[in-house]
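In my numbering, the protein residues as written are 2 to 112.
What follows is the structure, encoded as structure tokens:
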């Protein structure tokens, strides 16, 4: 009886860690290629969050700014015609309530 309850709670906990919001915090477009845009944003995000990483697949870049006190911020950059399409997910709902977020500023600076 106790084992199924523990397993259910563990599964729910892990599912919560893997979930992403359905809609981005904001969407941007750039005339730069996805590669050029990603390599422009990466050092700016690394300056703000030292644990920032870049992963790349064909036509898609993902930048993750890890945080020790909040959920990760994620940027996904896709090839578009022309340029690129950018989706940013801020995991802290109040992150931009008190003025422009520094990660958002960096994202807009590279457009």
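Backbone N, C-alpha and C fix where the C-beta goes; we use that ideal spot for every residue, glycine too.
| said: Buried or exposed for residue 61, going by 16 or more other Cβ atoms inside 10 Å? | reply: As a first step, residue 61 must be located in the chain shown, where it is residue number 60. By the neighbour-count rule (16 or more Cβ atoms within 10 Å), residue 61 is not buried but exposed.
(message) Which residues does DSSP list as the beta-bridge partners of residue 112?
(response) If you number the chain shown from 1, residue 112 lands on position 111. DSSP lists no partner for residue 112.
Report task. List the residues that DSSP assigns as beta-bridge partners of residue 29. Result -> By 1-based counting over the chain shown, the position of residue 29 is 28. For residue 29, which the question treats as bridged, DSSP gives the partners 87.
Is the separation between the beta-carbon of residue 74 and that of residue 104 shorter than 7 Å? Residue mapping note: residue 74 aligns to position 73 of the chain shown, counting from 1. Residue mapping note: residue 104 aligns to position 103 of the chain shown, counting from 1. Taking 7 Å as the Cβ cut-off, residue 74 and residue 104 qualify as a contacting pair.
- Query: Just how far apart, CA to CA, sit residue 102 and residue 82?
  - Reply: Position 101 of the chain shown, counted from the start, is the residue given in the question as residue 102. Position 81 of the chain shown, counted from the start, is the residue given in the question as residue 82. Each residue's Cα considered, the two are about 28 Å apart.
How is the beta strand (DSSP E) around residue 68 delimited, first residue to last? Counted from its first residue, the chain shown places residue 68 at position 67. Taken as a continuous stretch (DSSP letters only), residue 68 belongs to no beta strand (DSSP E), as it is neither H nor E.
ask   = In whole angstroms, what is the alpha-carbon distance linking residue 70 and residue 78?
value = Here residue 70 is taken as the residue at index 69 of the chain shown, counted from 1. Here residue 78 is taken as the residue at index 77 of the chain shown, counted from 1. Their Cα atoms are separated by approximately 25 Å.
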